[in-house]
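These notes concern the structure reproduced below.
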Amino acid sequence: MRLLLAEDDLMLGESLKQALESEGYAVDWVKTGDDAIQAVFTGEFDIAIFDWRMPIIDGVTAIGRLRIRGDKMPILMLTARDELADKVNALDIGADDYIVKPFIIEELFARLRVLYRRRKGSASPTLRCGQLTLNPANKEVELDNEKIELSVREFTVLQRLIECQGRFCSKTSLTKALYSWDNIAASNTIEVYIARLRRALGADWIKTRRGVGYKINPL
Amino acid sequence: MAVFLLVWAAALALAYRATDTEVQQPIIRGLEYDAHIILTALQAVAAVGGDQQFISRLRSESPSSIDVRVYQIWRGENILFSSIKDNNFPPPKKEGAYGFRDTIDRTDQPWYNHDTYWYIYSLYEPTLDIWVIVAQDTAPIQRILRLILIRSYWPLIIILLGAGVLTWVAVTFGLRPLSILTANLSSRGAEDFQHIYLDNNPRELQPVIQSLNSLFSRLEKTFERERQFSQNAAHEIRGPLAAIETQLYNVAQAVKETQAQHAVVSLKKRVRRLACVVDNLLQLARLDAPLIGGLCAIDLNGVISDVLADFSDLIKERNLTIDHSNSTDHVLAHKAVIVIAFKNLIDNAVRYSPVGGSILIISERSGDSVSVCFKNAAPELDGSDVSRLSERFFRPVGSTGLGSGLGLSIALRIAEIYDGSVALNLEDEQLSVCFRIYDRRV
Chain H
1 MRLLLAEDDL MLGESLKQAL ESEGYAVDWV KTGDDAIQAV FTGEFDIAIF DWRMPIIDGV
61 TAIGRLRIRG DKMPILMLTA RDELADKVNA LDIGADDYIV KPFIIEELFA RLRVLYRRRK
121 GSASPTLRCG QLTLNPANKE VELDNEKIEL SVREFTVLQR LIECQGRFCS KTSLTKALYS
181 WDNIAASNTI EVYIARLRRA LGADWIKTRR GVGYKINPL
Chain W
220 MAVFLLVWAA ALALAYRATD TEVQQPIIRG LEYDAHIILT ALQAVAAVGG DQQFISRLRS
280 ESPSSIDVRV YQIWRGENIL FSSIKDNNFP PPKKEGAYGF RDTIDRTDQP WYNHDTYWYI
340 YSLYEPTLDI WVIVAQDTAP IQRILRLILI RSYWPLIIIL LGAGVLTWVA VTFGLRPLSI
400 LTANLSSRGA EDFQHIYLDN NPRELQPVIQ SLNSLFSRLE KTFERERQFS QNAAHEIRGP
460 LAAIETQLYN VAQAVKETQA QHAVVSLKKR VRRLACVVDN LLQLARLDAP LIGGLCAIDL
520 NGVISDVLAD FSDLIKERNL TIDHSNSTDH VLAHKAVIVI AFKNLIDNAV RYSPVGGSIL
580 IISERSGDSV SVCFKNAAPE LDGSDVSRLS ERFFRPVGST GLGSGLGLSI ALRIAEIYDG
640 SVALNLEDEQ LSVCFRIYDR RV
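Just so you know, the protein sequences line up as chains H and W, in that order. Under the numbering used here, the residue at position 203 of the first sequence is numbered 203, and the numbers go up by one with no gaps. Under the numbering used here, the residue at position 285 of the second sequence is numbered 504, and the numbers go up by one with no gaps.
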């Protein structure tokens, strides 16, 4: 998943980026509200975390401007402000969720999963494709009730393929889900992960169409 | 006015006394003169042996008696002549006690006339063993004096009384704006900085009111600055705490050694506790600010049930039994604030009860106050610590939980907002914490 992190605190931003990447997110980190708005306009992100206090444009104002322009990307507000009026204000402006610093990181991850799930139109916490089940919360994969071990990136690729169920998922979109702007993927990285998934699930589980992309094929 | 009246009364008394003295002197001289005349006459007639006849003629031919002046002639214990039937004035018993003496006759006079003075002049002739006594009743003179004084002074008394009443009325009405201002200031809460506006805006109080309003503005700004400082300090600490917690997560993901993992877990706990302290300090700072609006009828037991639901996981984990009566009792208060109070009280009860213990929650109304008591076992709590539990940051020795030591302080501060209290009692290793507030509906 591609995540935009808008946080001006260097220490928190750095540690949060690291934690999110370990959870499987491709994180792009900006430090002002203005940069956050510009980044969202690229259309590359699945989800965002905005801090309230940021230079130039604060987080709430940035969210308001995005919503006025019709942007529907899920945004989680991350702030030290815990008064009810602040929460109501942020949510009414357009934030989808609100978490107060200091937070428990696992809770942050869970809230991000919820927002992402809703964006994809799913209410269930697990993803299913035939006999294949994915649990984003604990990164577990089961095929015919048997656990399959996958790395974080392999899991992310498989998750993206299942989200694209019934259609082909382009290599570009898979690359964007895995890599942030400051991480440049090698030209065949996606092919490597697809090969690994085929070895784990079975070759027929993933179809390739040249020039188009990859499609999950439940057996 | 009181001083004036005192001076006037003193002057009146002195005038009365001076007049009385002036009036007395001629009377006293007259008495003395009459006594000497009579004695001289007696001596003259006695020299020629005619004293008995003289006295007999006095008896038979003396004019009708007048009560004001009395003439008496005594020989020894016997009265030879008296110009009046009643009211004898026996000679002095003391030898040599001639001359002027007066007596107050009180015994049979009514109380308003009990200061009847008789001036008595006694003269003794030793060769004849004769006492001549001449006495004057001063009552009529006293009455005349009093009459003069009263008729002289009653208009002044009326004027003074009238002036007193007018002054009192004028002062009362004149001080009314000050009374209204006093009432306005007395009824204010400690954090009420609203400007004063009085009806009719009395001119004489305008400088005072302006100064007070200016003072209120300055106090409000100072108060707000202090509150903002507390809030800003808490916010500034929260960011770094979030960064530390997140970094600890990253470290925990990276290290494999058990000892390092334990260290990370321990650090996380400390950071959590620090975060709890910051949250509680912020709560306390906010409770110092006036609560504006938000009053509503709150079902206290409903709030308790909701808060208990939030603690259900911890209650289950510690295998606690909760005995809570579900009766309904409403008070007029701020719901968010009451929730904070009960969260802190229930948090304490749940965390410090022994595993497998029970917590009893009883609510009770007494007149216009409602109390909610939380009772649980506290076998490790020292009796000397009980009174200190509501001190800020105090935690009994041996406390290992995540508490900040501010929970009871917060509950106490909230109780004080509603003129209430938090009472603590430890008996037979059972701790009772009673939260009492006054219902603002009453």
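Even glycine gets a Cβ: it sits at the ideal position worked out from N, Cα and C. Being a predicted model, the structure only gives us computed values, none of them experimental.
| Query | Result |
| --- | --- |
| What residue does the alpha helix (DSSP H) around E163/H start on, and which one ends it? | 152-163 |
| Is it right to say P102/H is buried, meaning 16 or more other beta carbons lie within 10 angstroms of its own, or is it exposed? | buried |
| Leaving out the 5 sequence neighbours to the left and right, which residues in its chain are closer than 6 Å to E14/H when beta-carbon positions are compared? | none |
| With C-beta atoms as the reference, is A353/W less than 7 Å away from D253/W? | Checking the displayed sequence, the identity of residue 353/W turns out to be Val instead of Ala. Contact flag set, yes. |
| Using a beta-carbon distance below 7 Å, is D224/H in contact with chain W? | For chain H, the structure presents residues 1 to 219; residue 224/H sits outside this window and is missing. |
| Is the segment 11-25 of chain H in contact with the segment 466-479 of chain W, if contact means three or more CB pairs nearer than 8 Å? | yes |
| Check I57/H in the structure and name its three-state DSSP category. | coil |
| If I follow the unbroken alpha helix (DSSP H) through N403/W, where does it start and stop? | 358-405 |
| Using a cut-off of 8 Å between C-beta atoms, extract the partners of E464/W located in chain H. | P102, F103, I104, I105 |
| DSSP three-state call for S348/W: helix, strand or coil? | One point to set straight first is that residue 348/W is Asp, not Ser, in the sequence displayed. If DSSP states are grouped into helix, strand and coil, D348/W belongs with coil. |
| Could you tell me the boundaries of the alpha helix (DSSP H) in which F223/W lies? | 221-266 |
| If distances are taken between C-alpha atoms only, which option among L600/W, Q478/W, G575/W, D529/W comes closest to D566/W? | D529/W |
| So is D418/W buried or exposed if we call it buried at 16+ other beta carbons inside 10 Å? | exposed |
| At 8 Å on the CB atoms, spell out the chain H contacts of G622/W, in chain order. | The premise fails here: G622/W is roughly 17 Å from chain H at the closest Cβ pair, so nothing lies under 8 Å. |
| Buried or exposed, going by whether 16 or more other CB atoms sit within 10 Å of the CB of K160/W? | With chain W covering only 220 through 661, there is no way to say anything about residue 160/W. |
| In three-state DSSP terms, what is M77/H? | strand |
| Confirm, please, whether the CB-CB distance from C515/W to C592/W is below 7 Å. | no |
| Along the chain, where does the alpha helix (DSSP H) containing V589/W start, and where does it finish? | Per DSSP, V589/W belongs to no alpha helix (DSSP H); it is in the beta strand (DSSP E), 588-596. |
| Against chain H, does R457/W count as a neighbour if the rule is that its beta carbon must be under 7 Å from one of theirs? | yes |
| Quick one: grab the DSSP three-state call for H333/W. | Residue confidence is low: H333/W scores 48 on pLDDT, short of 50, so the model does not pin down where it sits. Its coordinate-derived value is still stated next. Three-state result, H333/W: coil. |
| Are D658/W and L519/W touching if we call contact CB-CB under 7 Å? | no |
| Taking Cβ to Cβ, would you say G213/H is nearer than 7 Å to C169/H? | yes |
| Less than 7 Å between C-beta atoms, sequence neighbours within five positions excluded: which residues of the same chain meet that for D604/W? | P615 |
| Just the C-alpha distance for Q262/W and L277/W, rounded to the nearest angstrom, thanks. | 15 Å |
| Terminal residues of the continuous beta strand (DSSP E) containing F41/H? | Run containing F41/H: none in the beta strand (DSSP E); it sits in the alpha helix (DSSP H), 33-41. |
| Among residues of its own chain, excluding the 5 on either side of N217/H, which ones have a beta-carbon nearer than 8 Å to its beta-carbon? | D204, W205, I206, K207 |
| Do the segment 157-174 of chain H and the segment 84-99 of chain H make contact, defined as three or more Cβ pairs closer than 8 Å? | no |
| For L10/H, count neighbouring C-beta atoms within 10 Å of its own C-beta (all shown protein chains included) and say buried if the count is 16 or more, exposed if not. | exposed |
| Note down, in chain order, all residues in the segment 1-17 of chain H with a beta-carbon under 7 Å from any beta-carbon belonging to chain W. | D9, M11, L12, S15, L16 |
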